[in-house]
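With positions in the sequence shown counted from 1, the corresponding number in this note's numbering is that position plus 8.
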Amino acid sequence: MVGWRFTRGVSEQYNAFIQGFNEIVNVKWLQYFDERELEVMLVGIQDIDIQDWNMHTIYRHYKRTDKQIQWFWTFIKEISDEQRSRMLQFVTGTCRLPIGGFRELMGSNGPQKFCIERVGKENWLPRSHTCFNRLDLPPYRSYTVLKEKLLLAIEETEGFGNE
Numbered sequence: 009m010v011g012w013r014f015t016r017g018v019s020e021q022y023n024a025f026i027q028g029f030n031e032i033v034n035v036k037w038l039q040y041f042d043e044r045e046l047e048v049m050l051v052g053i054q055d056i057d058i059q060d061w062n063m064h065t066i067y068r069h070y071k072r073t074d075k076q077i078q079w080f081w082t083f084i085k086e087i088s089d090e091q092r093s094r095m096l097q098f099v100t101g102t103c104r105l106p107i108g109g110f111r112e113l114m115g116s117n118g119p120q121k122f123c124i125e126r127v128g129k130e131n132w133l134p135r136s137h138t139c140f141n142r143l144d145l146p147p148y149r150s151y152t153v154l155k156e157k158l159l160l161a162i163e164e165t166e167g168f169g170n171e
C-alpha cells in the first residue's frame, strides 16, 4: 500500500512534473547539487533581519548576556547572507522565513521560536533539532572556536547529520 501511494500512485503526476521541470532545467544538472544548494538556487537568498532574529530567540541553560550568546550574535552579524541562510537551514530545516519573520517560525507542534540551548562540551560540534528550531550550542571557551565549529556545522552538514 505504501509503495503504491508513494511511487505508482503518483507516477503520472511525477512524470508530468519532471517533464515540465526538464523543459526549464535539464534534470541531469541536478546531480551536481545537494538538497541545500538546490533549495537556495530555487528560492533564492532572503534578506534576514538580524534584530528580528535576536528579538525572537529563546535560550535554555544560557542567558542573553552569556559570552557564548554574545559571540553567536557577533558571528551572525559577520557572516554573509548565504551563510545566514545556511544557519537558518541547519537549525530549522529551511533557508526561508515565513512572511511574519522569526516571530512566525513553526515547529513540528505549531509555533516554535528559534532556540539556543547549552548542550555538550567544548570539543562537541553544534547540533540542530529542526523539528524544534533548536541549536545545541556547546559552551565554547573562545570566539574563534565557536566560529570554527559553527562554520563547519553550516557548511559541511549533509542530510540527516542533524536531528
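Using N, Cα and C, we set each Cβ at its ideal position, and we do this for glycine too. Values in this document were obtained by computation on a predicted structure and should not be read as measured data.
Grouping DSSP H, G and I as helix and E and B as strand, with all else coil, what is residue i?
{"i": "cysteine 103", "result": "coil"}
{"i": "phenylalanine 74", "result": "Rather than phenylalanine, the amino acid found at residue 74 in this sequence is aspartate. Residue state, collapsed to three classes: coil."}
{"i": "glutamate 164", "result": "helix"}
{"i": "arginine 149", "result": "coil"}
{"i": "glutamine 27", "result": "helix"}
{"i": "valine 33", "result": "coil"}
{"i": "glutamine 54", "result": "coil"}
To the nearest angstrom, how far is the alpha carbon of residue i from that of residue j?
{"i": "aspartate 55", "j": "arginine 16", "result": "40 Å"}
{"i": "isoleucine 124", "j": "threonine 73", "result": "13 Å"}
{"i": "asparagine 23", "j": "glycine 101", "result": "27 Å"}
{"i": "arginine 142", "j": "phenylalanine 122", "result": "6 Å"}
{"i": "phenylalanine 168", "j": "histidine 137", "result": "In this predicted model, phenylalanine 168 has a pLDDT of only 45, less than 50, meaning its place in the structure is not dependable; the value taken from the coordinates is given anyway. Taking the straight line from one Cα to the other gives about 10 Å."}
{"i": "arginine 104", "j": "methionine 63", "result": "18 Å"}
{"i": "arginine 92", "j": "serine 116", "result": "22 Å"}
{"i": "valine 127", "j": "histidine 69", "result": "8 Å"}
{"i": "isoleucine 66", "j": "aspartate 42", "result": "30 Å"}
{"i": "glutamate 171", "j": "isoleucine 32", "result": "Note that glutamate 171 scores 43 on pLDDT, short of 50, meaning its location in the model is unreliable; the coordinates nonetheless yield the value given after this. Each residue's Cα considered, the two are about 34 Å apart."}
{"i": "glutamate 86", "j": "leucine 145", "result": "18 Å"}
{"i": "glycine 108", "j": "methionine 114", "result": "11 Å"}
{"i": "tyrosine 148", "j": "proline 134", "result": "10 Å"}
{"i": "glutamate 163", "j": "leucine 46", "result": "14 Å"}
{"i": "serine 19", "j": "tyrosine 40", "result": "24 Å"}
{"i": "tryptophan 81", "j": "tryptophan 132", "result": "20 Å"}
{"i": "glutamate 130", "j": "methionine 95", "result": "20 Å"}
Compute the beta-carbon to beta-carbon distance between residue i and residue j, rounded to the nearest angstrom, for a pair I have assumed lies under 8 Å.
{"i": "leucine 154", "j": "glutamine 76", "result": "7 Å"}
{"i": "aspartate 60", "j": "phenylalanine 110", "result": "5 Å"}
{"i": "phenylalanine 83", "j": "alanine 161", "result": "Going by Cβ atoms, the distance from phenylalanine 83 to alanine 161 rounds to 11 Å, so no, they are not a contact pair."}
What does DSSP give as the partner residues of residue i in its beta bridges?
{"i": "aspartate 60", "result": "According to DSSP, which records beta bridges pairwise, aspartate 60 is partnered with nothing at all."}
{"i": "tyrosine 67", "result": "Ile124"}
{"i": "aspartate 144", "result": "Glu125, Arg135"}
Segments of 4+ residues assigned as alpha helix (DSSP H) that fall wholly inside the segment 81 to 136 = 89 to 100, all fully within the segment 81 to 136.
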